[in-house]
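Here the protein sequences come in this chain order: B and X.
So that you can map any letter, position 201 of the first sequence is 189 in this note's numbering, and since no number is skipped, the others follow by simple counting.
Position in the second sequence (first residue = 1) + 525 = this note's numbering.
Just so it is clear, CB atoms sit at the ideal spot from N, CA and C, and this is done for glycine as well.
Let me begin by presenting the structure, written as structure tokens, before commenting on it.
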Amino acid sequence: MYQITEARFLAQDIKLFKIKEPKIAEKRKAGQFVIIRIEEHGERIPLTIADSDTSDGTVTIIVQGVGKTTKQLNMLEAGDEIMDIVGPLGMPSHIENFGTTVSIGGGVGTAIAYPTAVALKQAGNHVITINGARSKDLVILEEEMKEVSDEAYITTDDGTYGHHGFVTDMLQKLIDDGTKIDFVLAIGPIPMMKAVSDLTKPHGIKTIVSLNPIMIDGTGMCGGCRVAVGGKVKFACVDGPEFDAHDVDFKNLTDRNRMYQEYEKKSLELYEHECKLNKQIVKT
Amino acid sequence: MAEFLPPKERMAIPKQIMPEQDPLERRNNFNEVNYGFTKELAIKEAQRCLQCKTATCIDGCPVDIKIDDFITLIVEEDFLGAAKKIKEDNVLPAICGRVCPQEEQCEKTCVLGKKYEPVAIGRLERFVADIEMEAGVEPVPVTTPKKGKKVAIVGSGPAGLSCAGDLIYMGYDVTVFEALHELGGVLVYGIPEFRLPKEIVRKEIHNMEKIGVKFETDMVIGRSLTIDELMQEEGYGAVFIGVGAGLPWFMNIPGENLVGVYSANEFLTRVNLMKAYLFPEYDMPILDMKGKNVAVMGGGNTAMDAVRISKRLGAKHSYIVYRRSEIEMPARVEEVHHAKEEGVEFLMLTAPIEMVGDEKGRIKAMKCIKMELGEPDDSGRRRPIPIEGSEYILDIDVAVIAIGNGSNPLIHQTSPEIEVNKWGNIVVDADTMKTTRKGVFAGGDIVTGGATVILAMGAGRKAAKAIDDYLSNGKEWKY
């Protein structure tokens, strides 16, 4: 069992957890992930490591409650325990001094863009960050991103905060303004990553995306996380999770990630029904 | 105590039939197929043994179980004694009695088998192991003085467990590292419940814990810790790598990434380890197969496991698609027989050449081509040759690729000094299982490529012996 030492919401449905596991905290590098399992009947889900603290031996993950497992996780508080955490898994981000880099985080993807932005900064890059969210109250890690950036931008889809529009609008603006961009890292929902990729491709800007396909063991054993990259089959867990965006088959990734949509829906409905019942029992 | 009969009478006893679940019933559940011998059946079967002066059956056993001795003890009705006798050479008899290909090993070299059916050695092994387990017999305590030396075992599958089992009795501190959340490796994620109940694996491993073997789950060696760290920082004097083959092969045909195409490893892991057949009670799902058509590519035991699972998940048609003919199939005869009884359809001399998807990217059909057999290839089996113009479409909803495994690259990535061959298998010295790195040994599927539980266990034992020698006289070892 692994203890949660800190748990707090950063935005609606988006929660930050610190989990005690000194070995992972010490070892992890930007871009790597962990797999967690909450309880005996739980599934294994991969979550990218947002940060770690070697002084207290904790690993930080930031979770958006969308399905059963993530919602169940978001019910947990400091002092609670989860059954399993394993890692660090995957290849670390390839970091070097590219020159000017743009780290783009969409929604909870910002949690993953953040550690890489930190590493890029440490490597001497001129770091630009674009932190995108649907709306003002969903913007996360604003301060952290600002601190690590030479230029920090926020975009919201509804215009309630920062620039009104998508992250790609901001990126387009940077390109139009003549910013010489050497490297882009985009992490967020698949349509966002694809849009960024489509935008940078004609400009020949090297673009990396971090993929989050369905995964079980995370060690290359099951092949469930396979993605088509440049016409070849790659395993996101051991070859990735980061890949050259211009080579990724986003359509296939989208299809494969939807494989269990109806099952996930059923699982969530059952879970929420159970939660309601439990609440009623507590009331009476 | 039962009677020892004269040879003629022994030979007159027919091979006893092990009771099993009715095929039409069992294809709807995940309960164990075989029930095992009753006492009466076991004694009768044991009485068939000729007690040859030179027990040739032992030559066929990769771990040299004293087969004649344990069978004698069964005739004497000392079942616990028989189990103890087996455990001198095999730490996991309840498992091996179920999954060993005895027909290729001890039973193949049984003298009785020349003229009659061989003695059902595997079923007898299983019988005494189960009796011992039911009786709750405590494992033999370790009496060897502690040597004060630590050995790390990477992987808790059959190779690692047998290596750990021997080393603990030699007086070493043994820690087994497992990447998954549950112990047992292929025994828990690969082999299905109906062939090997997980409770049995759990009990066997629990017994090993009782005698002092330490287990650490959620530890991926090569990621969480490297071999360097184990040896230089954590104080392990020797390391045994028994991580299995674990990197599924695909066929490299168009459409293999479609939704509904699984590797056998993923399919089996979802069902066996993650209990997807109990969804939504367990969180991990598997695609609904009720009334659907499922094709499993391959002819090995893994393919049989997968196809039999698909039947249990309600598939209307469950196909084995294999490019050679039935006699070339590497699966155990018993597994093929069971699969047929359960209604699995065998499409022999057939190879898929393309997976066809719908607009949502889901597999809907498979383009196949018929094959004929030509001259024998390197494996000694006749080479399949495509018959031109014989392509046809097979409607399917789920495909499972069970054509074998390559080797997992994780350890090699962080320990490149451990030499691997062109297939990624770790290169070892055949007598000692030592790798090219000092103090590091390896065995099982990571060395041989996909093989059997018992061969992996044999390798684990061989390595344990060598590790003992290395840790005692390592200075004389040459690298």
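Taking the alpha-carbon positions, what's the residue i to residue j distance?
i, j, result
"residue 739/X", "residue 686/X", "11 Å"
"residue 157/B", "residue 198/B", "20 Å"
"residue 202/B", "residue 955/X", "39 Å"
"residue 32/B", "residue 815/X", "25 Å"
"residue 884/X", "residue 218/B", "22 Å"
"residue 941/X", "residue 948/X", "14 Å"
"residue 779/X", "residue 172/B", "31 Å"
"residue 944/X", "residue 961/X", "6 Å"
"residue 705/X", "residue 743/X", "5 Å"
"residue 610/X", "residue 594/X", "7 Å"
"residue 875/X", "residue 919/X", "11 Å"
"residue 358/B", "residue 182/B", "Outside the displayed range of chain B (-11 to 272) lies residue 358/B, so it cannot be described from this structure."
"residue 781/X", "residue -3/B", "40 Å"
"residue 934/X", "residue 24/B", "22 Å"
"residue 966/X", "residue 959/X", "4 Å"
"residue 574/X", "residue 643/X", "9 Å"
"residue 913/X", "residue 877/X", "14 Å"
"residue 597/X", "residue 772/X", "43 Å"
"residue 582/X", "residue 717/X", "28 Å"
Per DSSP, what are the beta-bridge partners of residue i in this structure?
i, result
"residue 891/X", "880/X, 919/X"
"residue -6/B", "6/B"
"residue 25/B", "72/B"
"residue 559/X", "545/X"
"residue 39/B", "48/B"
"residue 932/X", "771/X"
"residue 91/B", "117/B, 173/B"
"residue 909/X", "898/X"
"residue 612/X", "Paired residue(s): none; residue 612/X is not in a bridge."
"residue 141/B", "118/B"
"residue 787/X", "925/X"
"residue 100/B", "According to DSSP, which records beta bridges pairwise, residue 100/B is partnered with nothing at all."
"residue 34/B", "23/B"
"residue 967/X", "766/X"
Could you list which residues in chain B have their beta carbon closer than 8 Å to that of residue i, in chain order?
i, result
"residue 969/X", "What residue 969/X touches in chain B: nothing, since even the nearest Cβ is about 14 Å away."
"residue 806/X", "29"
"residue 935/X", "207, 208, 226"
"residue 555/X", "Correct list: empty, because the minimum Cβ distance to chain B is about 16 Å."
"residue 773/X", "209, 210, 211"
"residue 799/X", "31, 32, 204"
Going along chain B, which residues have a C-beta under 9 Å from residue i?
i, result
"residue 704/X", "74, 205, 206, 207, 209"
"residue 540/X", "Simply none; closest approach about 39 Å."
"residue 681/X", "Neighbours of residue 681/X on chain B: none; closest Cβ ~13 Å, over 9 Å."
"residue 794/X", "204, 205, 209, 210, 212"
Which residues in chain X have a C-beta closer than 7 Å to the C-beta of residue i? List them in chain order.
i, result
"residue 212/B", "791"
"residue 235/B", "Per Cβ cutoff of 7 Å: no residues; residue 235/B is ~14 Å from chain X at best."
"residue 216/B", "782"
"residue 57/B", "808"
"residue 248/B", "810"
Under 7 Å Cβ-Cβ, which residues of chain B neighbour residue i?
i, result
"residue 958/X", "The contacting residues do not exist; residue 958/X stays about 22 Å from chain B at best."
"residue 885/X", "243"
"residue 743/X", "72, 73, 74"
"residue 788/X", "210, 211"
Going along chain X, which residues have a C-beta under 8 Å from residue i?
i, result
"residue 255/B", "804, 805, 808, 810"
"residue 25/B", "706"
"residue 11/B", "749, 750"
Residues of chain X with CB under 9 Å from residue i, in chain order?
i, result
"residue 221/B", "775, 777, 781, 782"
Output the residue ranges of the alpha helix (DSSP H) runs that lie fully inside the stretch 147 to 177 of chain B and measure 4 residues or longer, sorted by chain position. 155 to 164
In the stretch 572 to 610 of chain X, which residue ranges form an unbroken beta strand (DSSP E) of at least 3 residues, counting only runs that do not cross its ends? You should have found no qualifying run.
Are at least three pairs of beta-carbons, each pair with one atom in the stretch 645 to 652 of chain X and one in the stretch 533 to 546 of chain X, less than 8 Å apart? yes
How do the stretch 199 to 212 of chain B and the stretch 759 to 766 of chain X stand: do at least 3 beta-carbon pairs fall below 8 Å, yes or no? no
Within the stretch 795 to 859 of chain X, note down every full alpha helix (DSSP H) run reaching 4 residues or more, in order along the chain. 826 to 837
Give a yes or no on contact between the stretch 243 to 260 of chain B and the stretch 85 to 102 of chain B, applying the rule of three or more CB pairs nearer than 8 Å. no
Touch test, the stretch 917 to 935 of chain X against the stretch 784 to 797 of chain X, Cβ-Cβ under 8 Å, three pairs minimum: yes
Can you list the alpha helix (DSSP H) stretches of 4 or more residues lying completely in the stretch 696 to 781 of chain X, in chain order? Segments of the alpha helix (DSSP H) lying fully in the stretch 696 to 781 of chain X: 711 to 714, 723 to 735, 752 to 757.
Taking 8 Å as the cut-off, does the stretch 847 to 862 of chain X touch the stretch 721 to 738 of chain X (at least 3 CB pairs, one atom from each stretch)? no
Note down, one range per segment and in chain order, each alpha helix (DSSP H) of at least 4 residues found wholly within the stretch 618 to 666 of chain X. 618 to 624, 646 to 659
Stretch-stretch touch, CB-based, cutoff 8 Å, three pairs: the stretch 825 to 845 of chain X with the stretch 801 to 816 of chain X: The answer is yes - the stretch 801 to 816 of chain X touches the stretch 825 to 845 of chain X, with three or more Cβ pairs under 8 Å.
Runs of 3 residues minimum, wholly inside the stretch 220 to 253 of chain B: which ones carry the beta strand (DSSP E) assignment? Within the stretch 220 to 253 of chain B, the complete beta strand (DSSP E) runs of at least 3 residues are 220 to 223, 230 to 232.
Touch check for the stretch 108 to 119 of chain B and the stretch 140 to 147 of chain B: three-plus C-beta pairs under 8 Å? yes
The stretch 696 to 711 of chain X / the stretch 672 to 685 of chain X touching (three or more Cβ pairs under 8 Å): yes
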